[in-house]
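Visitor:
Number of protein chains: 2
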Amino acid sequence: MGRNIKVSIIEDDETLRDGYAFLIGATEGYDVISTYCSYDEASKKIAIDKPDVILLDIELPGVNGIDAIPKLKKLLPNCYILILTVYESEKQIFNALAAGASGYLTKNTPSTKIIESIKEVREGGGPMSINIARLVIRSFQKNQESPLSKRETQILELIGEGKSRGQIANELFIDLETVRSHIKNIYLKLDVNSRADAIKLARQNKLI
Amino acid sequence: MGRNIKVSIIEDDETLRDGYAFLIGATEGYDVISTYCSYDEASKKIAIDKPDVILLDIELPGVNGIDAIPKLKKLLPNCYILILTVYESEKQIFNALAAGASGYLTKNTPSTKIIESIKEVREGGGPMSINIARLVIRSFQKNQESPLSKRETQILELIGEGKSRGQIANELFIDLETVRSHIKNIYLKLDVNSRADAIKLARQNKLI
DNA sequence: TAATTAATCACCCTATTGGGGTGATTTTTT
DNA sequence: AAAAAATCACCCCAATAGGGTGATTAATTA
Numbered sequence: 002m003g004r005n006i007k008v009s010i011i012e013d014d015e016t017l018r019d020g021y022a023f024l025i026g027a028t029e030g031y032d033v034i035s036t037y038c039s040y041d042e043a044s045k046k047i048a049i050d051k052p053d054v055i056l057l058d059i060e061l062p063g064v065n066g067i068d069a070i071p072k073l074k075k076l077l078p079n080c081y082i083l084i085l086t087v088y089e090s091e092k093q094i095f096n097a098l099a100a101g102a103s104g105y106l107t108k109n110t111p112s113t114k115i116i117e118s119i120k121e122v123r124e125g126g127g128p129m130s131i132n133i134a135r136l137v138i139r140s141f142q143k144n145q146e147s148p149l150s151k152r153e154t155q156i157l158e159l160i161g162e163g164k165s166r167g168q169i170a171n172e173l174f175i176d177l178e179t180v181r182s183h184i185k186n187i188y189l190k191l192d193v194n195s196r197a198d199a200i201k202l203a204r205q206n207k208l209i
Numbered sequence: 002m003g004r005n006i007k008v009s010i011i012e013d014d015e016t017l018r019d020g021y022a023f024l025i026g027a028t029e030g031y032d033v034i035s036t037y038c039s040y041d042e043a044s045k046k047i048a049i050d051k052p053d054v055i056l057l058d059i060e061l062p063g064v065n066g067i068d069a070i071p072k073l074k075k076l077l078p079n080c081y082i083l084i085l086t087v088y089e090s091e092k093q094i095f096n097a098l099a100a101g102a103s104g105y106l107t108k109n110t111p112s113t114k115i116i117e118s119i120k121e122v123r124e125g126g127g128p129m130s131i132n133i134a135r136l137v138i139r140s141f142q143k144n145q146e147s148p149l150s151k152r153e154t155q156i157l158e159l160i161g162e163g164k165s166r167g168q169i170a171n172e173l174f175i176d177l178e179t180v181r182s183h184i185k186n187i188y189l190k191l192d193v194n195s196r197a198d199a200i201k202l203a204r205q206n207k208l209i
């Protein structure tokens with residue numbers, strides 16, 4: 002338990018890489034056991050290093066950081082990956098998290114927060130920069146001004162689960178014709194004429 | 002800009018309520034302008050208080066915290082709601098965030114973190130307790146050991162968007178029969194026999 | 001109170017879809 | 001060399017989806 006946390010860094014910018022390495026290595030309880038400038042470099046040796054946590058950049062030469070995540074996870078299933086990048090686009094963030102990153106920090110993060118996040122991630126936490134947390138929280142928030150009624154929203158949710166009219170009717174204890182009627186109204190309100198378009202629009206606008 | 006942050010507290014436990022109020026009120030830059038023991042109490046006067054941030058408990062008498070969120074948002078559209086609760090169930094958390102909460106803290110949170118989170122939420126951040134952040138991040142992570150191939154996963158994603166075989170075929174520039182064939186294999190692998198069941202199972206296991 | 005919206009059900013229609021069978025061929029990966 | 005992935009083909013038929021055009025009965029809001 003008192004063992005030092007073993008950290009590897011994958012970052013192509015030499016100055017940053019050395020900076021992080023020095024910073025973390027100088028901190029009590031942390032060892033920087035290796036640094037790499039690309040995934041291709043890292044892949045050859047990192048399985049032997051066996052780091053507890055990898056600090057990973059997104060913009061890398063060769064295999065980019067996001068594609069590197071599942072590969073690293075395969076090499077080191079018990080290793081936590083902490084993204085450290087300037088990229089703040091929603092897609093990048095969600096892709097990185099979906100791929101298996103356990104935390105996401107932007108490069109303006111103060112060094113104390115980086116150090117703390119490495120510990121946090123190893124303890125099962127999910128450290129994020131403030132701006133990332135904002136995006137993540139927003140991704141959960143539904144639109145409060147939906148044109149759809151409660152029932153319509155409910156039915157659109159079931160459509161989003163791939164259910165047929167019949168299945169929806171059974172689940173809600175209403176007639177099949179009533180379901181049809183609701184769906185027609187949904188289509189009218191959203192100005193679409195297919196399930197796929199309704200789902201797309203509803204998800205885009207966070208109606209469901 | 003230098004104006005103090007106006008905070009309201011809705012919390013049924015008197016000891017906690019007074020504790021928070023004292024704590025926050027004593028801090029430079031913060032004013033506790035009102036405290037309530039339920040939503041029903043708060044609803045009568047809180048629109049006049051016009052707080053910047055509401056600290057909200059989940060387990061409340063009468064209207065519970067989660068149902069109170071949209072109502073409060075309607076009364077005070079520009080107010081941020083910060084959940085402060087012992088509840089840590091995934092559903093509660095995601096429901097609260099979906100309803101419009103901007104942050105979620107558990108009650109073991111140190112007081113400095115609470116104070117900091119109030120400021121953070123007003124600056125557009127999304128403060129979370131460490132354990133909450135863990136759940137939130139995990140909710141994004143996909144299963145790395147899917148039984149499905151890339152193409153199958155892709156097709157199942159499109160099915161999850163409500164698309165028909167024909168639409169999928171057009172989108173992927175493959176034959177309708179090929180789509181059918183993939184879907185059959187998906188059903189075989191997942192041991193289901195309908196779109197709805199496939200989507201359900203895939204989402205449960207984070208295959209898509 | 002009057003008007004609107006929500007929720008329920010009914011019956012018309014037809015092209016498309018969905019799911020089940022049972023194959024085969026060609027790449028790609030292992 | 002063997003296995004898995006990706007592609008396409010043709011059999012079947014009940015169910016579905018979407019469009020039209022209604023009506024009745026709560027609720028909610030003006």
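Keeping their order, the protein sequence lines are chains A and B.
Offset between the first sequence (1-based) and our numbering: plus 1.
Offset between the second sequence (1-based) and our numbering: plus 1.
For every residue, glycine included, the Cβ atom is placed at its ideal position computed from N, Cα and C.
Because the structure is a prediction, the values reported are computed rather than measured.
(1) Name the chain B residues that come within less than 8 Å of I47 (chain A), Cβ to Cβ?
(2) Among A:I82, A:E146, A:V8 and A:F95, which one has its Cα closest to the Cα of G125 (chain A)?
(3) How many angstroms separate the CA atom of L191 (chain B) from the CA atom of Q205 (chain B)?
(4) Using a Cβ-Cβ cut-off of less than 8 Å, list which residues of the region 143–166 of chain A approach chain B; keep chain order.
(5) If I'm right that A22 (chain A) touches T36 (chain A) with Cβ under 8 Å, what's the distance once you round it to whole angstroms?
(6) Just mark D53 (chain B) as buried or exposed, buried being the case when its beta carbon has 16 or more other beta carbons within 10 Å.
(7) Quick one: residues in its chain with C-beta nearer than 8 Å to the C-beta of E117 (chain A), no 5 flanking neighbours on either side, listed in chain order?
(8) Does any CB atom of chain A fall closer than 8 Å to the CB of I184 (chain B)?
(9) Considering only residues of the same chain and omitting the five flanking positions on each side of K7 (chain A), which have a CB-CB separation below 6 Å?
(10) R135 (chain B): buried (16+ other C-beta within 10 angstroms of its C-beta) or exposed?
(11) Quick one: is E121 (chain A) near chain B, going by C-beta distance under 8 Å?
(12) Could you check the C-alpha separation between E178 (chain A) and D198 (chain A) for me, to the nearest Å?
(13) Could you tell me if S182 (chain A) is buried or exposed, where buried requires 16 or more neighbouring beta carbons within 10 angstroms of its beta carbon?
(14) Straight-line CA distance for K143 (chain B) to I169 (chain B)?
(15) Report yes or no: do the region 148–168 of chain B and the region 100–113 of chain B share at least 3 C-beta pairs separated by less than 8 Å?
(16) Using CA coordinates, which residue listed in B:I119, B:E158, B:F174 and B:G30 is at the minimum distance from I10 (chain B)?
(17) In this structure, does DSSP put T28 (chain A) in helix, strand or coil?
(18) For the alpha helix (DSSP H) containing K201 (chain A), list its first residue and its last residue.
(19) Would you verify that the beta carbon of K51 (chain A) is, or is not, closer than 8 Å to some beta carbon of chain B?
(20) Would F95 (chain B) and F95 (chain A) qualify as a contact pair, given that the criterion is a beta-carbon distance under 8 Å?
(21) Name the residue from A:R139, A:L77, A:L159 and A:Q93 whose alpha carbon lies nearest to the alpha carbon of K45 (chain A).
(22) Going along chain B in order, which residues have a C-beta closer than 9 Å to the C-beta of S103 (chain A)?
(23) By the DSSP assignment, the beta strand (DSSP E) with I94 (chain A) in it spans what residues?
(24) Going along the chain, which residues of its own chain have a beta-carbon closer than 6 Å to the beta-carbon of I200 (chain B), five neighbours each way excluded?
(25) Measuring CB to CB, does Q93 (chain B) end up less than 8 Å from I67 (chain B)?
Guide: Inspection of the coordinates gives the following:
(1) The contacting residues do not exist; I47 (chain A) stays about 17 Å from chain B at best.
(2) A:I82
(3) 12 Å
(4) K143, Q145, I160, G161, E162, G163, K164 and S165
(5) 5 Å
(6) buried
(7) P128
(8) no
(9) D32, I34, P52 and D53
(10) buried
(11) yes
(12) 21 Å
(13) exposed
(14) 22 Å
(15) no
(16) B:I119
(17) coil
(18) R196 to Q205
(19) no
(20) no
(21) A:L77
(22) R135, I138, R139 and Q142
(23) First-last for I94 (chain A): E91 to A100, but that is the alpha helix (DSSP H), not the beta strand (DSSP E).
(24) G161
(25) yes
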